[in-house]
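Input: a single structure, listed below in structure tokens.
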Amino acid sequence: MPERPEQGVSILCDGGDAAPGALLAWYDRHARELPWRVGPAARAAGVRPDPYAVWLSEVMLQQTTVAAVRDYFAHFTRTWPDVHALAAEDDAVVMAAWAGLGYYARARNLLKCARVVAGDHGGRFPGTAEGLRALPGIGPYTAAAIAAIAFDEPATVVDGNVERVVARLFAVETPLPTAKPELVRHATALTPAIRPGDHAQAMMDLGATICTPRKPACALCPLRPGCAAHRQGIAGDLPRKRAKPPKPVRLGHLYLVRRSDGAWLLERRPEAGLLGGMLGFPGSDWSDAPAPAPPLAAEWHRVGAEVRHTFTHFHLRLTLHLAEVGMDASPARGTFVPGADFRPADLPTVMRKAFDLARTAQPG
DNA sequence: CAATCGTGGCG
DNA sequence: TCGCCAAGATT
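Quick note on full-length UniProt numbering: the first sequence kicks off at 1 and runs consecutively.
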């Protein structure tokens, strides 16, 4: 099929005929091979994407890079091959498996969603974006992505990549998030009736590999002939974004208690809020308040170096307090977890950092 | 609606 | 070293 590079953005879609536009043609040649993806070739041979795998991957990919997701996706699909298996698992096991991936509300909502699908929908995900949107943890993006990729619904998928691609294609100079509705309108106009899932993934692949945030590779872009921002020489400056407020520094304390049999004192954090539902060491609430009472009376040793960790909206510095206690210790907070049952990898990263530091640093 | 919610990589 | 950024959802 001949490409039509002089027809502006109309080269993106098929214009009503059966010829793939420049974007889908590019995708057919350059689609990345990803564990959760059924490529164009397999797709043409009749292989259908598994809605469970599509859902799982899309939730993991929310605000998270492909590189970070790979191993987690492999572990989850190997451990829980379908939505029934996941729905039947204990909360603590799933939270531990998610540890390190971040945004832990996703894991809590993942389980809620799995249990709704398994319990109320016979294990089958709703086949429309509207139906999917009603499930926990599935917002506008994820609903559209699953509907398009797994169910061939011509839903418009708008993630950060798509926002960037259309902001450049149409040279939208209004900053985000104000520009969002306009970008969605543009993205909707580009969504084809055929192969909507491939179109969505092509837009995202393009944004991830060619139309990148900084120094886009316009020379390699299949949409360059129709790109207004490139024509104006401002592609690399779009999309504009509202300036972000500075991150304050917060201080806090953690108490790491090792019992003589090798058990560690841990506590489950409340469901709501930062690191909600995850395991951690007892401590202060990180609001710059003075150190709270330790979880038990002991000879405490302060670690010289502090844990530094940056969250989405603040920098954290944690002072660590260590103690070794006997078998008769009875803490006011938390539970002793036997050494054989304790894996640092089950902790969120900031807690794992604290554990690693406590094991290696000298007292100060 | 604006704030909240993780982490690792990159320039 | 540090700000920016990544296939957003929830409240």
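Beta carbons are placed, not taken as given, at the ideal position from N, Cα and C, and that holds for glycine.
Classification of residue i by the beta-carbon crowding that lies within 10 angstroms, buried from 16 upward
{"i": "residue 277", "result": "buried"}
{"i": "residue 95", "result": "buried"}
{"i": "residue 60", "result": "buried"}
{"i": "residue 58", "result": "buried"}
{"i": "residue 349", "result": "exposed"}
{"i": "residue 327", "result": "exposed"}
{"i": "residue 126", "result": "buried"}
{"i": "residue 130", "result": "exposed"}
{"i": "residue 283", "result": "buried"}
{"i": "residue 205", "result": "buried"}
{"i": "residue 346", "result": "buried"}
{"i": "residue 93", "result": "exposed"}
{"i": "residue 391", "result": "Since the displayed the chain opens at 1 and closes at 364, residue 391 lies outside it and no answer follows."}
{"i": "residue 191", "result": "buried"}
Secondary structure of residue i, DSSP reduced to three states
{"i": "residue 255", "result": "strand"}
{"i": "residue 3", "result": "In this prediction, residue 3 scores a pLDDT of 30, lower than 50, which makes its location untrustworthy; no coordinate-derived value is stated."}
{"i": "residue 38", "result": "coil"}
{"i": "residue 182", "result": "helix"}
{"i": "residue 131", "result": "helix"}
{"i": "residue 15", "result": "In this predicted model, residue 15 has a pLDDT of only 39, less than 50, meaning its place in the structure is not dependable; the value taken from the coordinates is given anyway. Reduced to three states, the DSSP call for residue 15 is coil."}
{"i": "residue 283", "result": "strand"}
{"i": "residue 264", "result": "strand"}
{"i": "residue 322", "result": "strand"}
{"i": "residue 241", "result": "strand"}
{"i": "residue 347", "result": "coil"}
{"i": "residue 158", "result": "coil"}
{"i": "residue 309", "result": "strand"}
{"i": "residue 170", "result": "coil"}
{"i": "residue 335", "result": "strand"}
{"i": "residue 111", "result": "helix"}
{"i": "residue 316", "result": "strand"}
{"i": "residue 249", "result": "strand"}
{"i": "residue 93", "result": "helix"}
Same chain, Cβ closer than 8 angstroms to residue i, neighbours up to 5 away in sequence not counted
{"i": "residue 39", "result": "31 and 33"}
{"i": "residue 104", "result": "95, 98, 275, 276, 277, 278 and 348"}
{"i": "residue 82", "result": "52 and 123"}
{"i": "residue 17", "result": "Any reading at residue 17 needs caution, since the residue's pLDDT is 36, under 50, leaving its predicted position unreliable; the model's value is listed next. If we look at residue 17 and ignore the five residues flanking it on each side, it has no Cβ neighbours."}
{"i": "residue 310", "result": "247 and 316"}
Cβ separation of residue i and residue j, assumed to be a contact under 8 angstroms, to the nearest whole Å
{"i": "residue 334", "j": "residue 265", "result": "5 angstroms"}
{"i": "residue 323", "j": "residue 299", "result": "6 angstroms"}
{"i": "residue 23", "j": "residue 222", "result": "6 angstroms"}
{"i": "residue 207", "j": "residue 164", "result": "5 angstroms"}
{"i": "residue 54", "j": "residue 80", "result": "Going by Cβ atoms, the distance from residue 54 to residue 80 rounds to 15 angstroms, so no, they are not a contact pair."}
{"i": "residue 241", "j": "residue 175", "result": "6 angstroms"}
Sequence-distant residues of the same chain with beta carbon closer than 6 angstroms to residue i, five excluded per side
{"i": "residue 7", "result": "Confidence at residue 7 is low in this model, with a pLDDT of 35, below 50, so its placement is unreliable and no value can be given for it."}
{"i": "residue 141", "result": "159"}
{"i": "residue 179", "result": "172"}
{"i": "residue 342", "result": "264"}
{"i": "residue 229", "result": "168, 171, 235 and 238"}
{"i": "residue 84", "result": "118 and 123"}
Own chain residues within Cβ distance below 7 angstroms of residue i, not counting five before or after
{"i": "residue 259", "result": "325, 327, 329 and 336"}
{"i": "residue 145", "result": "58, 157 and 200"}
Examine the Cβ distances between the region 112–132 and the region 77–96 and report whether three or more of them are shorter than 8 angstroms. yes
Do the region 136–156 and the region 183–203 touch if we need at least three Cβ pairs shorter than 8 angstroms? yes
Using 8 angstroms as the threshold, is the region 40–48 in touch with the region 210–225, meaning 3 or more CB pairs across them? no
Does the region 242–259 touch the region 307–324, meaning 3 or more C-beta pairs lie closer than 8 angstroms? yes
Cβ contact (3+ pairs, closer than 8 angstroms) linking the region 71–79 and the region 227–241: no
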